[in-house]
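This report concerns only the one structure given below.
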Amino acid sequence: MLSDDLRDLYQQVILDHSRNPRNSGELPPPCLHAHGDNPSCGDEIDVWVRLSDQGAIEDLKFTGQGCAISQASASMMTQKIKGKSKDEAAAVREDFRRVVMGDGAPANEDALGELILLEGVQKFPQRVKCAMLAWRALEQALEGK
Amino acid sequence: MPGSKIMDWHRIRSDFPILDQQVNGHPLVYLDNAASSQKPRAVIETLSLYYERDNSNVHRALHELSNRATEAFEAARKKAAHFIGAASEDEIIFTRGTTEGINLVANTWGTQNLRAGDVILITGMEHHSNIIPWQMLAQRTGATLKYIPVLDDGTLDGEAIETLLTEQVKLFAFVHISNSLGTINPAKELIAKAKALGAVTVLDGAQSAGHMPINVQDLGCDFFVFSGHKMCGPTGIGVLYGRMALLETMPPWHGGGEMILTVTMESSSYKAPPHRFEAGTPNIAGVIGLGAAIDYLQAIGLENIQRHDHNLANYAVQRMGEVPGIRILGPQSGHRGALAAFHLDFAHPHDLVEFANSHGVAMRGGHHCTQPLMKRFKVPGTTRASFYFYNTLEEINRLVEVLLLARKFFT
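Which chain is which? The protein sequence lines are E and C, in order.
FYI, in my numbering the residues of the first sequence are 330 to 474.
FYI, in my numbering the residues of the second sequence are -17 to 393.
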């Protein structure tokens, strides 16, 4: 009944993350924060990041509203990125971008973990911005923009 | 009595070749008509025949093809005038669509007549195209832009109208049928109130033209705007109706060919309306196609279309109400336009639209170019099913079936 593409887009793990987002909420200051939105669809994400003295991402949380893809991507991102250095986070982000855009092979597919499940987005180009929303906000928060 | 005529809507539906197709393995159910309607064979063939036989520039040449093109072009102007009950075809200005028509009024009549201290009154349910041109005009002239609030039931706040509609209001612009709520505003009554205070009125007919009989003289509006593509016509063509007494006083907006009498290096004199406002080569095929769309709609009868619209909207609201977790925006009674925008507690509009698309159902999800309204109703966006006379009750049943499937899928 359902197309394979749609089943790939909305896998159970993805729907579970969107219904029960992990690391949902705000972090108290001092922390880094960025807001991201997709004005055309109304999706919104706020990301809070606390860095350790060594500059690693010690904790991160998010709040937001939007489609299942944007919320699941944010939830999975927080799980994957927690504890990573900024450089490691940037590498994961770039690999994730390649996967959802279908833009070449990721440098380290294993490091993506269950984020690879969002590769179904490739077939839905208009949803790439949903999948990338939280990651853009994370990047902005880390750059202090 | 037109009401006694039994319409064969299934036969009428077969006039639209595009509807007979499968999408993602399912029969297409096209429910995005408020964004753009489909085109009957009569319109498609008119466009094709124009390019095959008559294509030429209008007005300036004396050869046979130009004569034919000009004749068909100006005949469409007469049809448009008749379609909305204008006193004269000279009150019909061809534009690219509703948006351009509103911008034309703002940039000509608006710039010429508005001063600091004046009020431009609109409503909280306007499409961005009936907000931004007035915001820009207010910024240019120092006028103030005010909004009539929308009540929870999707109608305008009558008490607020009494307070806001004052002699300071120089211009009152509002939507006839809301593209997000389906609300049908009491246009004639509102226009009469505004006119009694000396305001100029602009009625946005994007969702009403082609869905109900329109008579601008009966409505009493100074300006009426609509788009061709939402009423079986081609894209890129629309109409601005203006009362001649106003059009005559208005300066041109765009300068160029077609709109001048004489040109010297220093200055020019301009043609009378409507040509004063139609600089450059117009969308000739679009105009002729719009004429064919008007012929087509009038052959069915606008009263018949209105009644069928009403039946579809009623049935849709009733059936969709069976879906647990649904909230339909706008009037809950039968008096609404042929659309239903809704919020589901189990799926975001974009997820739902994606899901529906995989079942062959075409809808639109998002803010529908009414962001202030979405904020008012505290929803980030909605999903909208919008109907036209070729839609069927079976298609609404299918929509409800897909909404129930989505509920299973997303919860």
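All residues carry an ideal CB built from backbone N, CA and C; glycine is no exception.
May I ask you to report which of helix, strand or coil DSSP gives E:Lys390? Against the first sequence, residue 390 of chain E aligns to sequence position 61. Strand at E:Lys390.
Going along the chain, which residues of its own chain have a beta-carbon closer than 7 Å to the beta-carbon of C:Gln94, five neighbours each way excluded? Along the second sequence, one-based indexing puts residue 94 of chain C at 112. Same-chain partners within the cutoff: Met232, Pro233.
What does DSSP give as the partner residue(s) for C:Ser422 in the beta ladder? What is shown of chain C runs -17 to 393, which leaves residue 422 of chain C out entirely.
In whole angstroms, what is the alpha-carbon distance linking C:Met(-17) and C:Glu285? Here residue -17 of chain C corresponds to residue number 1 of the second sequence, with the count starting at 1. Here residue 285 of chain C corresponds to residue number 303 of the second sequence, with the count starting at 1. Caution applies to C:Met(-17), whose pLDDT of 41 falls short of 50 and renders its modelled position unreliable; the value that the coordinates give is listed next. Spanning the two alpha carbons is a distance of roughly 11 Å.
Starting from the C-beta of E:Gly365, find all residues in its chain whose C-beta is less than 6 Å away, skip the five residues before and the five after it, and write them out in chain order. On the first sequence, residue 365 of chain E is found 36 positions in, with the first residue counted as 1. Answer for E:Gly365: Ile374, Leu462, Arg465, Ala466, listed in chain order.
Out of E:Ala419, E:Leu356, E:Ile410, E:Cys396, which has the shortest C-alpha to C-alpha gap to E:Val457? Within the first sequence, numbered from 1, the residue matching residue 457 of chain E stands at position 128. In terms of Cα proximity to E:Val457, the closest of E:Ala419, E:Leu356, E:Ile410, E:Cys396 is E:Cys396.
What alpha helix (DSSP H) runs, 4 residues minimum, are completely inside the segment 83 to 145 of chain C? 114 to 123
Could you give the distance in angstroms between the alpha-carbon of C:Pro115 and the alpha-carbon of C:Lys357? In the second sequence, the residue the question calls residue 115 of chain C occupies position 133. In the second sequence, the residue the question calls residue 357 of chain C occupies position 375. So the alpha carbons of these two residues sit roughly 20 Å apart.
With a floor of 4 residues, list each alpha helix (DSSP H) that falls wholly inside the segment 283 to 349 of chain C, ordered by position along the chain. 284 to 302, 331 to 339
Take the Cβ of E:Ser347 as the centre, count every other Cβ of all protein chains shown within 10 Å, and call the residue buried at 16 or more, exposed below. Here residue 347 of chain E is taken as the residue at index 18 of the first sequence, counted from 1. Buried, by the Cβ-count rule.
Under 7 Å Cβ-Cβ, which residues of chain E neighbour C:Gly363? Translated into positions along the second sequence, residue 363 of chain C becomes position 381. Within 7 Å Cβ-Cβ: Cys370, Gly371.
Using a Cβ-Cβ cutoff of less than 6 Å, which residues in the same chain neighbour C:Arg380 once the five nearest sequence positions on both sides are dropped? For the purposes of this step, residue 380 of chain C is taken as the residue at position 398 of the second sequence. Val11, listed in sequence order.
Spatial neighbours of C:Met194 within its chain, please: C-beta separation below 7 Å, excluding the five flanking residues on both sides. Taking the first residue of the second sequence as position 1, residue 194 of chain C is located at position 212. Result list for C:Met194: Leu284, Gln288, in chain order.
Chain E contacts from the segment 4 to 30 of chain C (Cβ-Cβ distance under 9 Å): Against chain E - using a Cβ distance shorter than 9 Å - the residues of the segment 4 to 30 of chain C are Asn6, Gly7.
Which residue from E:Met405, E:Met406, E:Asp416 puts its Cα closest to that of E:Ala385? Taking the first sequence and counting its residues from 1, the one referred to as residue 385 of chain E is at position 56. Minimum Cα distance to E:Ala385 is reached at E:Asp416.
To be precise: take each residue of the segment 208 to 230 of chain C, compare its Cβ to all Cβ atoms of chain E, and keep it if any distance is under 8 Å. Which residues remain? none
Nearest CA to the CA of C:Glu144: which residue from C:Ala125, C:Asn85, C:Lys175, C:Val335? For the purposes of this step, residue 144 of chain C is taken as residue 162 along the second sequence, with counting starting at 1. Nearest option by C-alpha distance: C:Lys175.
Using a Cβ distance threshold of 8 Å, determine whether the segment 375 to 394 of chain E contacts the segment 404 to 419 of chain E, with at least three qualifying pairs required. yes
Is the CB-CB distance between C:Val221 and C:Leu179 below 9 Å? Sequence index remark: in the second sequence, residue 221 of chain C carries index 239 (1-based). Sequence index remark: in the second sequence, residue 179 of chain C carries index 197 (1-based). No, Cβ-Cβ distance for C:Val221 and C:Leu179 is not below 9 Å.
Let me make sure I understand the geometry here. Which of E:Asp424, E:Leu361, E:Asp372, E:Ser404 has the alpha-carbon closest to that of E:Ala470? As a first step, residue 470 of chain E is located in the first sequence; it is residue number 141 there, counting from the start. Checking every option, the nearest Cα to that of E:Ala470 belongs to E:Leu361.
Contacts of C:Gly106 in chain E (Cβ-Cβ under 8 Å): Position 124 of the second sequence, counted from the first residue, corresponds to residue 106 of chain C. Within 8 Å Cβ-Cβ: nothing; C:Gly106 doesn't reach chain E, min ~18 Å.
Three-pair Cβ contact test at 8 Å for the segment 255 to 270 of chain C versus the segment 39 to 55 of chain C: Under the Cβ criterion (8 Å, minimum of three pairs), the segment 255 to 270 of chain C counts as touching the segment 39 to 55 of chain C.
Indicate whether C:Asn282 and C:Ile(-6) have their beta-carbon atoms separated by less than 9 Å. Walking along the second sequence from the start, residue 282 of chain C turns up at place 300. Walking along the second sequence from the start, residue -6 of chain C turns up at place 12. The residue you asked about is not Asn; residue 282 of chain C is Ile in the sequence shown. Yes. Within cutoff.
Does C:Thr393 come within less than 9 Å of chain E when only Cβ atoms are used? In the second sequence, counting from the first residue as 1, residue 393 of chain C sits at position 411. Judged by the 9 Å Cβ criterion, C:Thr393 is in contact with chain E.
Measuring only the C-alpha atoms, how far is C:His325 from C:Thr364? To locate residue 325 of chain C, count along the second sequence from 1; it is residue 343. To locate residue 364 of chain C, count along the second sequence from 1; it is residue 382. Distance between the alpha carbons of C:His325 and C:Thr364 is about 5 Å.
Can you tell me the Cβ-Cβ gap for C:Ala323 and C:His350, rounded? I've got them flagged as a contact below 8 Å. For the purposes of this step, residue 323 of chain C is taken as residue 341 along the second sequence, with counting starting at 1. For the purposes of this step, residue 350 of chain C is taken as residue 368 along the second sequence, with counting starting at 1. Indeed they touch by this definition, with Cβ atoms about 7 Å apart.
E:Ser353 bridges to which residues according to DSSP? As a first step, residue 353 of chain E is located in the first sequence; it is residue number 24 there, counting from the start. Beta-bridge pairing links E:Ser353 to E:Phe391.
Segments assigned alpha helix (DSSP H), at least 4 residues, entirely inside the segment 411 to 465 of chain E: 415 to 430, 438 to 441
Do you know whose CA, among C:Asp72, C:Lys177, C:Ala274, C:Leu138, lies nearest C:Ile159's CA? Stepping through the second sequence from its first residue, residue 159 of chain C is reached at position 177. Residue C:Leu138 is the option with its Cα nearest to C:Ile159.
When DSSP labels each residue in this structure, what does C:Leu147 get in the three-state scheme? Looking up residue 147 of chain C in the second sequence gives position 165. Of the three classes helix, strand and coil, the one that applies to C:Leu147 here is coil, per DSSP.
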